[in-house]
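Read through the structure below, which is laid out as structure tokens, and then see the notes.
Residue numbers (full-length UniProt numbering): 1 to 184.
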């Protein structure tokens, strides 16, 4: 009698080859991945600039609100042709101009318009985010900050060169290579 061994066709051989192929791909990827990395160029910021990664949590929350307010300001300006003042922004419930609990927690900033599309928020409490300027005249939000408490705003704050001279720091929102720094 002749006996013949018949293996079942349950896919075990193919499964082993698929698993071996996947393991080989993962091994190659783990070996080659470090060789495929690109160093990002880190340039130094100017003395009147600060990176967003160097800020505290209080400032980051207010900056997020200012970036959203910037978009609202640009839309309102496009619709009406004029820049709204801080009181109008508060009446439209646009943060950070609204005086609510979040406003108190972030420093009770008193917002005012100091020029067309330029808004100054002066911190009133000892705690919270730094005083900030939002310049919405360009397509990107240009935000400046100063950590001093109790300073008096001057009419020259609407000009970038005067902000630098008075100790304000320009916020760099993106990577240094794509940032829009002003070299004043």
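Cβ atoms here follow ideal geometry from the backbone N, Cα and C, with glycine treated the same way.
When the distance is taken between beta carbons, is residue j closer than 7 angstroms to residue i?
| i | j | result |
| --- | --- | --- |
| residue 62 | residue 129 | yes |
| residue 164 | residue 48 | yes |
| residue 143 | residue 131 | no |
Of the residues the options, which one's Cα is nearest the Cα of residue i?
| i | options | result |
| --- | --- | --- |
| residue 94 | 70, 117, 139, 116 | 70 |
| residue 121 | 80, 78, 164, 65 | 65 |
| residue 158 | 138, 119, 148, 139 | 119 |
| residue 124 | 99, 26, 139, 113 | 99 |
| residue 154 | 113, 20, 139 | 113 |
Compute the beta-carbon to beta-carbon distance between residue i and residue j, rounded to the nearest angstrom, for a pair I have assumed lies under 8 angstroms.
| i | j | result |
| --- | --- | --- |
| residue 117 | residue 136 | 4 angstroms |
| residue 52 | residue 172 | 7 angstroms |
| residue 84 | residue 73 | 7 angstroms |
| residue 127 | residue 50 | Not confirmed; about 20 angstroms, so no contact. |
Grouping DSSP H, G and I as helix and E and B as strand, with all else coil, what is residue i?
| i | result |
| --- | --- |
| residue 93 | coil |
| residue 2 | coil |
| residue 115 | strand |
| residue 180 | Only weak support is given to the placement of residue 180: the predicted model assigns it a pLDDT of 47, under 50, and the question is left unresolved by the model. |
| residue 168 | coil |
| residue 57 | helix |
| residue 100 | coil |
| residue 144 | strand |
| residue 110 | strand |
| residue 121 | strand |
Quick check: the region 95-107 against the region 54-62, are there 3 or more CB pairs under 8 angstroms?
Flag = yes, the region 95-107 and the region 54-62 touch.
Check whether the region 30-49 touches the region 75-89, counting contact only when three or more Cβ pairs, one atom from each stretch, lie closer than 8 angstroms.
No, because fewer than three Cβ pairs between the region 30-49 and the region 75-89 fall closer than 8 angstroms, the two stretches do not touch.
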